[in-house]
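Just so you know, the sequences run in chain order A, B, C, D and E.
Residues 1 to 234 (my numbering) are what the first sequence spells out, left to right.
Residues 1001 to 1365 (my numbering) are what the second sequence spells out, left to right.
Residues 2001 to 2303 (my numbering) are what the third sequence spells out, left to right.
Residues 3001 to 3293 (my numbering) are what the fourth sequence spells out, left to right.
Residues 4001 to 4284 (my numbering) are what the fifth sequence spells out, left to right.
Note sheet for the following structure.
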Amino acid sequence: MLEIRGLDVWYRHIHALDSVDLSVRAGEITALIGANGAGKTSLLNTISGLVAPRAGSIELEGSALSRAPHRIVRKGVVHVPEGRHVFAGLTVQENLLMGAYTRRKGFAGRLQEMYRLFPRLEERKKQQAGTLSGGEQQMLAICRGLISEPRVLLMDEPSLGLAPLLVREVFELIQRIRAMGITVLLVEQNAMQALAVADHAYVLENGSVVLSGTGGEVLADPNVRHAYLGAAAD
Amino acid sequence: GQREDGAIRIGVIQDLSGPTSVWGNAVARGAELAVSEINAAGGIDGRQVELRTYDVRLSPQEAITAYNRLVDQDRVTAIVGPPISNIGLSLAPVAQAKGVPIVGSFIDPRVTVQPNGEPWTNMFLMQPSSVQYSEIIADFALTELGARNLAVMYDQTNAFSVSLVEPFRNYVNAHGGNVALEVTYTSDDRDFRTQLSQIQRSGADAVYLPIYIQEAVLTLQQAEQVGLDIPMIGGLDFAPPFTDLLPDPTLADGIYVANNYSDSEPQLVDVRAAYMDMFGEEPINKAFKGYDKILIIADAIRRAGSTEPAAVSRAIARTSNLRGTTGILTISPDNHQPVGLSMVMYQIINGEYSELGRHVPESHR
Amino acid sequence: MQGERNAASTPPVGDALAPGAGVGPGSGPSVGLGPSVGLGPGPGSGPEGVVLRAEGLDKHFGGVYAVRNLTMQVEQGHTVSLIGPNGAGKTTVFNLLSGVNPPDAGRIVLAGEEISGMPQHQIARAGIGRTFQNIRLFPGLDVAENVMLSLDARNRYHWYDGLLRLPAFHREDRASRDQLQEYLAAVALEKYAHSKPAELSYGYQRRVELARALAARPRVLLLDEPAAGLNPGEVEEFIELLERLKGDYNLTILIIEHRMQVVMRMSSHVYVMNFGALIAEGTPEQIQNDPAVVSAYIGDAHA
Amino acid sequence: MYFLQQILNGLSLGAVYSLIAVGFALVFNILKFSNFSQGGLITVCAYIGFMITRTFGLGLGATLALTALAGGVIALLVERVAFRRLRRKNSPLIYYFVSSITMGILLENLITIYFSSNFYAFPRFFARSTVRFGPFFMATTDLAMLGISLSSLLILMIVLYRTTFGTAIRALSMDMNAARLMGINVNFAIAGTFFLVGVFAGLGGVFLGINYTLYPQLGKLIVKGFVASVVGGLGNILGAVVGAILLGLLEVILVGVPGIGSGLSPVVVFVILLVFLIVRPQGIAGIIVKEKV
Amino acid sequence: MGYYLSVLTFTSITVVAITSIYVITGLAGLFSLGQAAFMAVGAYTSGILITRLSMPFLPAVVFGIAAGMLAAFLVGIPTLKLRRDYIALVTFGFGEAIIAILNNTANVTGGAMGLVGITPYTTTPVAVGIAVLAVVLARNFKYSRFGRQCIAVKNDEVAAASMGVNVAGIKMMAFLFGSALTALAGTLYASYTTYVEPGLFVWTLSAEWIIIVFFGGVNSLTGAVVAAVLLGTLPEILRATAEWRIAIYSVLVLLIINFRPSGIFGEYELPLWRSIARRFRRAG
Ligand SMILES: Nc1ncnc2c1ncn2[C@@H]1O[C@H](COP(=O)(O)OP(=O)(O)OP(=O)(O)O)[C@@H](O)[C@H]1O
Ligand SMILES: Nc1ncnc2c1ncn2[C@@H]1O[C@H](COP(=O)(O)OP(=O)(O)OP(=O)(O)O)[C@@H](O)[C@H]1O
Ligand SMILES: [Mg+2]
Ligand SMILES: [Mg+2]
């Protein structure tokens, strides 16, 4: 579905991505893990057009992906950013409306669906998103990405700041998203859970891919277990 | 001083940008015209004249550096000054120290006379000072219009406007009249209806408006709205092209205007034509002043027989009976202001300026 | 003044015994004064052990009761956790404790001194240090300067010393710079001392926040989800780091965390909130087995 | 009686200010900076309107329409030159403010260069300069201005708060990158906003020109829009119009108060401003949303 | 010679004024659209003392600075606690109010007709010396704890307060220090031109100063000073281009802001000025 070849990203003097190759297969969950500062966010930002690469190509179903964020969204590639980035001054419902900006038809129905997923959001639908708690904002951010019925969903640490109960729900949700036929590229620090649901996984270190394979393979790699899963894995 | 064989350099300090740029440009162009005529006629004593024009956009700081530059870098003989008193006030001490004379039309007498009563050696005025000017108008109001109760509206933040009020009040009070009401505005104001209503309710016979042209336009428009309908006497800013600025020239009907010159006087005709030829536009009265400032300087250089600033300055102080476009110019060596200059009075009727002749108060003769 | 600086620059082993040392002005009521000032006789409100106590806190925003009638306390040298579902009001509690928001009702007492109602910076100087859930570093200052800022609050040179570079300035500034290195080293950020926060990844930014809060030498350190954005391996490292710092600086910590790993390993006492109110408290084991907590927060599948 | 007329006069002045304040508040609402280039834009529009009437001899309606269009186009240009690049570089808001002031100075000076050796004024458009209500009157242009600023206010409110596009504009005002991720074409939306700002500048320019004649510093009145929109509750467009009208009323009334007059009215306005902001720091129509930590 | 000296003198005065804006806007992030009014306060206080009471220069300057600080204190007390956006408005209003007061107290200040005949005490060496002093003071301020606190408060008031920074206090300190410098510039100006009038100190002058600071780089004192010298003399260099020069100037500023948004100097400081920062590093 998404083919990334030789992607190079620089921030002034910082080499954030070093000729990264990565494929995301249709209908699968592809997980991307790596330490802080490995370049995961940079990769997602580059795919969604927020960051311009210095070299490399990104193809969606065989044709080059536009570099303008709004066109990328129209192509069905939607990014749920790290750190939520909800529209602080808009109400919860308006935030969701913005999520559906490119697909306004059937908005009302999908809105109800989202509220079913996270009833807390319905309770707060008239509240300004900036005053939501951290976790509530995260729920909103996920829904805002989902509501446009994307074909590829890029999720950057969706479980960040969520209570354990909700973390589990989010991972269930991600699997349900896959079941809906949406392709997912997932960046996660909850490596174990991420790898457990992933069909495919990549490990990023210092801007380069150092390992890839099925979720199970990566999970089984001793280096990964040591570096990313810590004692919890044992 | 400059090399005796080269061109004679004359400096021009004007507001070419900023809020008073219309005047600055007019003075500069008038001066340019005069210089081109002088040069065409063979120059001054065979030497061509060259102008150095600097923009000071109403800033004393810029004026001081421009003056210094004209003196130190360009080595000019004399300088054509702006019609802005504030600039003159900040230049007077500098000019005193550096010796190059400035001929300007700043009407505040403090520009030409020091606090101790002595004239500033190098500052010269070539039109009636604010005192002469307001006395002419006050006298006209009292004698020709027969007004007794007068109102004044002026811009409190504008030195030109303020300087024309006190001499007017003094003259009126001393000559049997009475200034019944003085109202003010600030240069940021665009709405004078409250002030105009106050004038209307004060029962004044006539109102004196020593104000700038933009405000003059607004005043007439708003006076109509308020229904204020007493004679108004305006100053230089009501001179042409004032009526062109009104949405309806008849708004100005019944206004009395003082100007430096008469359109019907023969000396103007050629200059006006040449100006229109050269710049493609109608000259405003500041243009004629720019022209005359050059005439004064050129005359002084000829009489001094030198381009030494000090000599030229001394010669300017003895200018006498020089025929300019704005009248016969004689400068008093005591205060460096012109002597006996009259103003030409007009009344606007049906949007046209109708000349009432030159007016000189008894005391000025 | 001299004493303060010394206390701050040498790793303060004995600080616990002298709660006044190492912090700003007005912070050192003697132990003798401490216990009785404003503290009611309620359970656990007792003696020297309790450094921070909140009583009957209420806070609402419009119709939302973010915190209601909350009473909790933190004892010297302990690590206490505050957990609860998203939106339970945990961050709001931190905001009340650190003076970002004034409580609608209730009192907060720090080492015998009532701090509720004091302006935010005075609360900070009295000894409440914190990090933020959404990282709030100063983008205009580099990492070193971000940390330096916390040290500055304890520097006592005057404006004229600073403007004219009088000896007092040099003396204090040098001392601060020495300490700075220590704090940077504590979180292993020496390499990034002169980077701007925006150039760091999320995880490193969190460390800067931690160093900045540490440098203020708080009596009680409030950490709002410090392990968010770390992978399990990093969480382990983080726990070790925190344990080490706790020993070195004799910290008293109140921590909000969703990573049960951290809560279970570190805390001696856990408070659980939901809908603004406490629903349980106890040792980690008690909490882990409390059915109300399990159903509202942890989820039954959790081991 | 006299007092009632004063109120009408205040309303007239308020109408002038509100036409400026609307455009000012619109930019503040969306891009969160005080757009002082609007002053220069208004001046340029006034001259363009004048050239249009003089060259084609058009009536008021056609002049307004054409000038509004021209204003929109120039505003697009201003946005491109002064702001677009800043946005691409994610510059802090203060830079926009600085850029806008500089742009304003540039526009004013271009006008000075091309037009300053002469004075200009619009022809009279209205047969009657005032509309009388019994013993009271209001200037026809002021009445028209009041009408235009109120109706543009209404249209703006509907667009911003009732349409998806308007919501998108508000969204991008809060987080531009997130807005991009929603599929909002940020450049297009902002250009659209500036076009609107230009349209208001066009309308405002013509009316100001008619009322106050043409001079390069016409745009100085922008500071009244600034005061009104801040007092109104930063970026709140309704508040800006209310603020403008109150400012107009206040100024007119102060001029009539003996001992204050026009001269000292800035002092009184300053004191009132201070007291107002202390008592009601959210402005007239604003609500305080304390940032959540 | 006189010409260069006068340009140098005016530039030095501008440098003092710009230093004040650097402290207030660059460091503390406060937007003062009325800063020129503090220059007026300094200029008029010293000017009146010199002309009316024949006071010598030095005490007149001290009184001028004191008056500027007093005014800043009175404006600052209610204002600095307000929302940041309001500070521009209130200072703007203050500027207008000062001009109105100057215009309405003609018997003391000369009103619109200006205060004339101020003794010309400001010589070129005096102006240059004071400019250097102002820059050194501002640099010391920047690299003291107060400077850091200013930047922190500019970035994030809540976080700064949580680190023990007295937000209102540090803003007041920057405002007082800055306004003292502005008033100082005013006293120099008055005693150089010998003539001041209210119309010189309008808000556009404050805006021009802000532009200059941004041109050089709002985070760099070096940049602010270099820009003051550059933009202060640029109109002089362009003098021959007459009415075009302000347009050229604006285009230049637009270019810099667009293509180097953090100003010519960004965050760069002259090595000399960074000596403190470097020592800082070596300690590590
Ligand atoms: N805007 C920026 N300017 C400069 N450097 C940046 C910027 N954004 C990221 N970097 C740098 O690029 C590298 C990769 O950062 P990135 O945010 O992609 O990491 P990450 O894998 O998402 O880390 P984390 O798990 O902490 O979120 C880091 O070294 C970071 O410091
Ligand atoms: N400034 C505010 N205005 C309005 N509502 C607020 C404000 N601050 C918090 N709230 C509300 O109060 C409740 C508690 O928020 P808080 O941030 O304290 O939750 P939390 O326990 O920290 O959650 P999380 O774990 O998700 O961060 C939430 O429902 C939130 O929407
Ligand atoms: Mg990341
Ligand atoms: Mg929280």
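Here a beta-carbon is modelled for each residue, glycine too, at the ideal position from N, C-alpha and C.
Problem - Within 9 Å of chain D by C-beta, residues of the stretch 1205-1239 of chain B in sequence order - result: Flagged, chain order: I1213, Q1214, V1217, L1218, Q1221, Q1222, E1224, Q1225, V1226, G1227.
Exercise for the section: Specify, as a first and last residue, the run of the alpha helix (DSSP H) that E/I4151 falls within. Expected result: As a position in the fifth sequence, residue 4151 of chain E is number 151, starting the count at 1. It spans 4145-4155 - the alpha helix (DSSP H) in which E/I4151 sits, taken as one unbroken run.
Problem - Listed by chain order, chain A residues near C/S2201 by CB distance under 7 Å - result: As a working note, residue 2201 of chain C is residue 201 in the third sequence. Under the 7 Å cutoff, chain A gives N36, G37.
Exercise for the section: Helix, strand or coil for B/R1075, going by three-state DSSP, please let me know. Expected result: The count along the second sequence starts at 1 and reaches residue 1075 of chain B at position 75. The answer is coil: DSSP assigns B/R1075 none of H, G, I, E or B.
Practice task
Could you tell me if C/H2078 is buried or exposed, where buried requires 16 or more neighbouring beta carbons within 10 angstroms of its beta carbon?
Solution key: One-based indexing of the third sequence puts residue 2078 of chain C at position 78. The residue in question, C/H2078, is buried, as its Cβ has 16 or more Cβ neighbours within 10 Å.
Problem - Proximity test, Cβ basis, 8 Å: A/P69 and chain D - result: In the first sequence, residue 69 of chain A corresponds to position 69, counting from 1. Yes - at least one Cβ of chain D is within 8 Å of the one on A/P69.
Problem - CA-to-CA distance, D/L3110 to E/A4285, given in whole angstroms - result: A question about residue 4285 of chain E goes unanswered here, because the residues of chain E that appear run from 4001 up to 4284.
Exercise for the section: Report all residues from its chain with a CB closer than 8 Å to the CB of A/L132; omit the five preceding and five following residues, and keep chain order. Expected result: Position 132 of the first sequence, counting from 1, holds the residue named residue 132 of chain A. Within the same chain, Cβ atoms closer than 8 Å to the Cβ of A/L132 are found at V86, V92, R124, L140, the five residues on either side in sequence being excluded.
Problem - Exposure of C/A2144, with buried meaning 16 or more beta-carbon neighbours within 10 Å - result: Within the third sequence, numbered from 1, the residue matching residue 2144 of chain C stands at position 144. Result: buried.
Problem - Continuous beta strand (DSSP E) assignments of at least 3 residues falling wholly in the stretch 2095-2144 of chain C - result: With a minimum length of 3 residues, the continuous beta strand (DSSP E) runs that stay inside the stretch 2095-2144 of chain C are 2105-2110, 2128-2130.
Practice task
Grab me the residues of B/L1228's own chain with a C-beta within less than 7 Å of its C-beta, minus the 5 sequence neighbours each way, in chain order.
Solution key: By 1-based counting over the second sequence, the position of residue 1228 of chain B is 228. Cβ neighbours of B/L1228 beyond the five flanking positions: L1196, I1199, Q1200.
Handout entry: Inter-residue spacing [alpha-carbon to alpha-carbon] between E/R4084 and E/I4021
Key = The residue labelled residue 4084 of chain E in the question sits at position 84 within the fifth sequence. The residue labelled residue 4021 of chain E in the question sits at position 21 within the fifth sequence. Taken atom to atom, the span from the alpha-carbon of E/R4084 to that of E/I4021 is near 16 Å.
Practice task
Return the residue from the list A/V209, A/H226, A/H200, A/E217 that minimises the CA-CA distance to A/E28.
Solution key: The count along the first sequence starts at 1 and reaches residue 28 of chain A at position 28. Nearest C-alpha to A/E28: A/H200.
Handout entry: Cβ shell of E/G4015 (< 8 Å), same chain only, five flanking positions each side left out
Key = The sequence position of residue 4015 of chain E within the fifth sequence is 15, counting from 1. One point to set straight first is that residue 4015 of chain E is Val, not Gly, in the sequence displayed. Counting only Cβ-Cβ distances below 8 Å, and skipping sequence neighbours, we find A4131, A4134, V4135, V4225, A4228, V4229, G4232.
Problem - the stretch 3223-3243 of chain D / the stretch 2286-2301 of chain C touching (three or more Cβ pairs under 8 Å) - result: With a cut-off of 8 Å, the stretch 2286-2301 of chain C and the stretch 3223-3243 of chain D do not count as touching, because too few Cβ pairs lie within range.
Exercise for the section: Pick helix, strand or coil for C/S2267, following the three-state DSSP scheme. Expected result: Position 267 of the third sequence holds residue 2267 of chain C. C/S2267 falls in the coil class under three-state DSSP.
Practice task
Measure the C-alpha to C-alpha separation of A/M192 and E/S4162 and round it to an integer number of angstroms.
Solution key: Residue numbering aside, residue 192 of chain A sits at position 192 when the first sequence is read from its first letter. Residue numbering aside, residue 4162 of chain E sits at position 162 when the fifth sequence is read from its first letter. Straight-line measurement puts the Cα of E/S4162 at about 36 Å from the Cα of A/M192.
Handout entry: is_contact[B/S1017, chain E] using C-beta, thresh 8 Å
Key = Position 17 of the second sequence, counted from the first residue, corresponds to residue 1017 of chain B. Chain E contact via Cβ: present.
Handout entry: Beta-carbon proximity check, D/R3124 vs B/P1247, cutoff 8 Å
Key = The residue given as residue 3124 of chain D occupies position 124 in the fourth sequence. The residue given as residue 1247 of chain B occupies position 247 in the second sequence. Taking 8 Å as the cut-off, the beta carbon of D/R3124 is found closer than this to the beta carbon of B/P1247.
Handout entry: Local conformation of B/N1178 per DSSP, three classes
Key = For this step, residue 1178 of chain B is matched to residue 178 along the second sequence. In the structure shown, B/N1178 adopts extended strand secondary structure according to DSSP, grouped into three states.
Problem - Residue-level contact to chain C via CB, A/I29, 8 Å cutoff - result: Residue 29 of chain A sits at position 29 when you count from the first residue of the first sequence. Cβ-Cβ to chain C under 8 Å: no for A/I29.
Exercise for the section: Would you check if there are 3 or more beta carbon pairs closer than 8 Å linking the stretch 1209-1224 of chain B to the stretch 1157-1164 of chain B? Expected result: For the pair of segments examined, the stretch 1209-1224 of chain B was found to touch the stretch 1157-1164 of chain B: the number of CB pairs separated by less than 8 Å reaches three.
Exercise for the section: Provide the residue(s) that pair with B/Q1014 in DSSP beta bridges, ordered along the chain. Expected result: The count along the second sequence starts at 1 and reaches residue 1014 of chain B at position 14. According to DSSP, which records beta bridges pairwise, B/Q1014 is partnered with B/D1055.
Problem - Cβ-Cβ distance between B/V1257 and B/Y1353 below 8 Å - result: As a working mapping, residue 1257 of chain B is identified with position 257 in the second sequence. As a working mapping, residue 1353 of chain B is identified with position 353 in the second sequence. B/V1257 places its beta carbon less than 8 Å from that of B/Y1353.
Handout entry: Cβ neighbours of C/I2255 in the same chain (closer than 6 Å, five flanking residues each side left out)
Key = Counting from one through the third sequence, the residue named residue 2255 of chain C turns up at place 255. Excluding sequence positions up to five before and after C/I2255, its CB lies within less than 6 Å of the CB of S2081, L2223, all in the same chain and listed in chain order.
Problem - Assigned secondary structure, D/G3183 (DSSP; H/G/I helix, E/B strand, else coil) - result: Position 183 of the fourth sequence holds residue 3183 of chain D. In this structure, D/G3183 counts as coil in the three-state DSSP scheme.
Practice task
Could I get the ranges of all uninterrupted beta strand (DSSP E) runs contained in the stretch 3205-3251 of chain D, with 3 residues as the minimum, in chain order?
Solution key: Scanning the stretch 3205-3251 of chain D for uninterrupted beta strand (DSSP E) segments of 3 residues or longer gives nothing; none is fully contained.
Problem - Proximal chain D residues relative to A/G89, where beta-carbon distance stays under 9 Å - result: In the first sequence, residue 89 of chain A corresponds to position 89, counting from 1. For A/G89, the residues of chain D that pass the 9 Å Cβ criterion are R3170, A3171, S3173, M3174, V3289, in the order they occur in the chain.
Exercise for the section: Apply the 10 Å Cβ neighbour rule to C/S2036 and answer buried if 16 or more other Cβ atoms are within range, or exposed otherwise. Expected result: To locate residue 2036 of chain C, count along the third sequence from 1; it is residue 36. At C/S2036 the pLDDT is 34, less than 50, meaning the model places this residue with poor confidence and gives no usable figure here.
Exercise for the section: Tell me, to the nearest whole angstrom, how far the beta carbon of B/N1260 is from that of B/M1343; I am working on the premise that it is less than 8 Å. Expected result: As a first step, residue 1260 of chain B is located in the second sequence; it is residue number 260 there, counting from the start. As a first step, residue 1343 of chain B is located in the second sequence; it is residue number 343 there, counting from the start. Confirmed, about 7 Å.
Practice task
Look up A/L32 in the DSSP assignment and say whether it is helix, strand or coil.
Solution key: In the first sequence, the residue the question calls residue 32 of chain A occupies position 32. Residue state, collapsed to three classes: strand.
Handout entry: Chain-ordered chain E contacts of B/I1064 [CB-CB under 7 Å]
Key = Translated into positions along the second sequence, residue 1064 of chain B becomes position 64. Correct list: S4006, T4193.
Handout entry: Proximity to B/D950 [Cα-Cα], best of B/G1203, B/L1268, B/P1115, B/Y1154
Key = No answer is possible for residue 950 of chain B: it lies beyond the span of chain B, which begins at 1001 and ends at 1365.
Problem - Buried versus exposed call for B/K1289 [16 or more other C-beta atoms within 10 Å across all chains shown] - result: For the purposes of this step, residue 1289 of chain B is taken as residue 289 along the second sequence, with counting starting at 1. Buried.
Problem - is_contact[D/T3043, chain E] using C-beta, thresh 8 Å - result: Taking the first residue of the fourth sequence as 1, we reach residue 3043 of chain D at position 43. For D/T3043, the answer is no, since every Cβ of chain E falls outside 8 Å of its Cβ.
Handout entry: Same chain, Cβ closer than 7 Å to A/A88, neighbours up to 5 away in sequence not counted
Key = Here residue 88 of chain A is taken as the residue at index 88 of the first sequence, counted from 1. Counting only Cβ-Cβ distances below 7 Å, and skipping sequence neighbours, we find Q128, A129, G130.
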